[in-house]
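First residue of the sequence shown? That's 5 in my numbering, and the numbers climb one at a time after it.
The structure appears right after this line, and notes come after that.
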Amino acid sequence: MSSSSSSLTQSIHDRPLEHPACTDAEFMALGRDGHRHEWVNGQLIDMGNSGAKHGYLAIILSAALFTVVAAQKLGALFDSSTAFKMKNGNKRSPDISFFAKERLQGLDDLPIGFLEGAPDLVVEILSPTNTIEEIDEKLIEYFENGARLIWVINPRQNHVLVYRSATEPDRLLKLTDQLDGEEIIPGFSLSVSQLFQSRSF
């Protein structure tokens, strides 16, 4: 962590509770320490760094999604370094996210700052430190802010939970199933076994 980023992080943490706001510029500057951050309910959350399998799954799925999204010009795909601004001021950074082109209409280019609202497709890859309460809170917030489809990937159990609402998963996908982009990313399909296949090096 650089000294300037470290002092900025400390400054935000030290603010009195009656002034919990973090400006967009301050939040973007935090990325200089090499970590992901989220701003949740007035608190700065250091998301740390991902492990090897987590990062590899993100690359495999992102590459497969990008092929379809780019070919059909469906919208914009983002990685985990991208934060999105929720209605309540929270800033969330999914592992993979997709914004449909209909929601980007009128923009000459993507903004340097944050897009407002949750992506149409949100992908969260579970980390060992994730709690059920944390994931449930994210699901609720994503759907309240415009998400239409969420995939929660479990690298330990090799399955994917598909959500169309925050109440309960719509489907549990195992190795014999297909991950489908549905109407959000039409034409996208990837076997769960291909996503999780063992690799020898």
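Every residue, glycine too, gets a C-beta built ideally from N, C-alpha and C.
- Message: My output table needs one value for Gly117: the three-state DSSP class, helix, strand or coil.
- Response: Counting from 1 along the sequence shown, the entry for residue 117 is found at position 113. Three-state result, Gly117: coil.
- Message: Give me the residue from Asn45, Phe70, Leu65 with the minimum Cα distance to Leu199.
- Response: Against the sequence shown, residue 199 aligns to sequence position 195. Selected option, being the one with the closest Cα: Leu65.
- Query: Should the region 171-189 be called in touch with the region 66-85, which here means at least 3 C-beta pairs below 8 angstroms?
  - Reply: yes
- Task: Could you check what DSSP says for Ile188 in three-state terms: helix, strand or coil?
- Result: As a first step, residue 188 is located in the sequence shown; it is residue number 184 there, counting from the start. Note: Ile188 maps to coil in three-state DSSP.
- Query: CB-CB under 6 angstroms to Gly150, same chain, minus the five flanking residues each way: which ones, in chain order?
  - Reply: On the sequence shown, residue 150 is found 146 positions in, with the first residue counted as 1. Cβ within range, chain order: Gly121, Ala122.
- Below 8 angstroms, can you find three or more Cβ-Cβ pairs linking the region 82-96 to the region 131-140? no
- Could you tell me if Asn94 is buried or exposed, where buried requires 16 or more neighbouring beta carbons within 10 angstroms of its beta carbon? Position 90 of the sequence shown, counted from the start, is the residue given in the question as residue 94. Buried: at least 16 other Cβ atoms inside 10 Å.
- Query: Comparing alpha-carbon positions, which option in Phe102, Asp50, Gly55, His163 lies nearest Ala67?
  - Reply: The count along the sequence shown starts at 1 and reaches residue 67 at position 63. Of the listed residues, the one whose Cα sits closest to Ala67 is Phe102.
- Please classify Pro98: is it buried, with 16 or more other beta-carbons within 10 angstroms of its beta-carbon, or exposed? The sequence position of residue 98 within the sequence shown is 94, counting from 1. That one is buried.
- Residues near Leu114 by beta carbon distance below 7 angstroms, same chain, minus five either side: Position 110 of the sequence shown, counting from 1, holds the residue named residue 114. So the qualifying residues of the chain are Ala80.
- Item | For Gly59 and Thr86, the rounded distance between their alpha carbons | Within the sequence shown, numbered from 1, the residue matching residue 86 stands at position 82. Within the sequence shown, numbered from 1, the residue matching residue 59 stands at position 55. Answer to the nearest angstrom: the Cα atoms are 15 angstroms apart.
- Tell me Val164's beta-bridge partners as DSSP assigns them. Looking up residue 164 in the sequence shown gives position 160. Val164 pairs with Ile157, Leu177.
- Item | Enclosing alpha helix (DSSP H) for Gly59 [first to last residue] | Within the sequence shown, residue 59 is the residue found at index 55, counting from 1. Segment 56-76, the alpha helix (DSSP H) holding Gly59.
- Start and end of the alpha helix (DSSP H) containing Ser197? Here residue 197 is taken as the residue at index 193 of the sequence shown, counted from 1. Here the alpha helix (DSSP H) through Ser197 covers 196-200.
- Message: Taking the straight line between their C-alpha atoms, what separation do you get for Leu48 and Asp28?
- Response: In the sequence shown, the residue the question calls residue 48 occupies position 44. In the sequence shown, the residue the question calls residue 28 occupies position 24. Going by the C-alpha atoms only, they are around 13 angstroms apart.
- Given Val126, which residues of its chain have a CB within under 6 angstroms of its CB, disregarding the five upstream and five downstream residues? Residue 126 sits at position 122 when you count from the first residue of the sequence shown. Cβ within range, chain order: Pro98, Ser101, Tyr146, Ala151, Ile154.
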